[in-house]
Amino acid sequence: MKHETVRLAGKDADGYVIPLGPVNIVAVVTDAGMVGCGAFDIDALEKFGYPAARVKPAGGASSIETVDDLLRGEIKGANRHASERGVAVGMTGREALGHL
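Following the numbering used here, the residues of the sequence shown are numbered contiguously, the last one being 125.
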């Protein structure tokens, strides 16, 4: 697993890349929630009261492979707790993390 610090407006977050064979599982976690690649079940996290959203790749890319891909990606879904914090479909991953 690879860890990197992600600088957001006013705070730092933790970025993670977990290689699983031909794909990577990618997420950025703040003190209040997370944005992850499409492999995350944001509805299951909602049941725990945890704000979460997932992104789709930007620019026609086929998958999210890096933390930078996630930050540039477009929010394709957000659970209720993330939506209540201002996360909306169509934002970039970086914009959404600013609400978390």
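Where a beta carbon is used, it is the ideal one built from N, C-alpha and C, also for glycine.
| Asked | Found |
| --- | --- |
| Within 10 angstroms of its Cβ, does V48 collect 16 or more other Cβ (buried), or is it exposed? | exposed |
| What does DSSP give as the partner residue(s) for P44 in the beta ladder? | N49 |
| Taking DSSP's pairing of strands, which residues face M59 in a bridge? | V54, A77 |
| With distance defined between alpha-carbon atoms, name the residue in M26, I50, M59 nearest to V112. | M59 |
| Short of 7 Å in beta carbon distance, which residues of its chain neighbour I50, apart from the five on each side in sequence? Order them along the chain. | I43, C62, A64 |
| Buried or exposed: where does G166 fall if 16 or more other Cβ atoms within 10 Å of its Cβ makes it buried? | Shown here, the chain extends from 26 to 125; a query on residue 166 therefore has no answer. |
| Do A69 and T55 have their beta-carbon atoms positioned less than 7 Å apart in this structure? | no |
| Helix, strand or coil: how does DSSP classify D68 here? | helix |
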